[in-house]
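Colleague:
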Amino acid sequence: MSVSEISFNFDDDVIELDGNHQNKSMAAYSKSDKKQNKEKLKHIQSSMQTQNNTKQQMTKDLLFLLKFEQHMLSSINSLHQRIMRSLESEIGDT
1 MSVSEISFNF DDDVIELDGN HQNKSMAAYS KSDKKQNKEK LKHIQSSMQT
51 QNNTKQQMTK DLLFLLKFEQ HMLSSINSLH QRIMRSLESE IGDT
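Residue numbers (UniProt numbering): 1 to 94.
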């Protein structure tokens with residue numbers, strides 16, 4: 001049998017659900033349950049928003065640090081080149 005094939009065993013007993021069973025499962029959630037679920041959802045959404053804001057701020061901070069590091073490395077490189085030119089000119093003068 002290939003993966004896409006579905007097999008059924010027609011000899012299995014069939015379980016019939018009456019309308020009362022379905023209504024009971026639908027009515028299992030009371031108004032207080034719905035209210036609690038709404039409050040939980042609001043709390044989760046608030047928590048996720050806070051986490052998102054924190055991550056955004058951390059990303060901004062990291063971007064700033066990377067730009068600062070790039071600037072510092074550029075300054076160090078420039079200073080190094082000036083020192084090397086100065087040393088080369090001193091060696092050339094002697």
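The beta carbon of each residue, even a glycine, is placed where N, CA and C say it ideally should be.
This structure is a prediction, so every number in the text was calculated from the model and none was measured.
So, for Asn52: in the same chain, excluding its five sequence neighbours on each side, which residues have a beta-carbon less than 7 Å away from its beta-carbon?
Modeller: Around Asn52: no qualifying Cβ.
Colleague: Rounding to the nearest angstrom, what Cα-Cα distance links Met84 and Ser75 in this structure?
Modeller: So the two alpha carbons sit approximately 14 Å from each other.
Colleague: Assuming Asp12 is part of the alpha helix (DSSP H), what are its boundary residues?
Modeller: Neither: Asp12 is in no alpha helix (DSSP H) and is coded neither H nor E.
Colleague: How long is the line joining the alpha carbons of Glu39 and Lys60, rounded to whole angstroms?
Modeller: Cα to Cα, Glu39 sits roughly 31 Å from Lys60.
Colleague: Could you give the distance in angstroms between the alpha-carbon of Gln70 and the alpha-carbon of Lys34?
Modeller: For Gln70 and Lys34, the distance between alpha carbons rounds to 53 Å.
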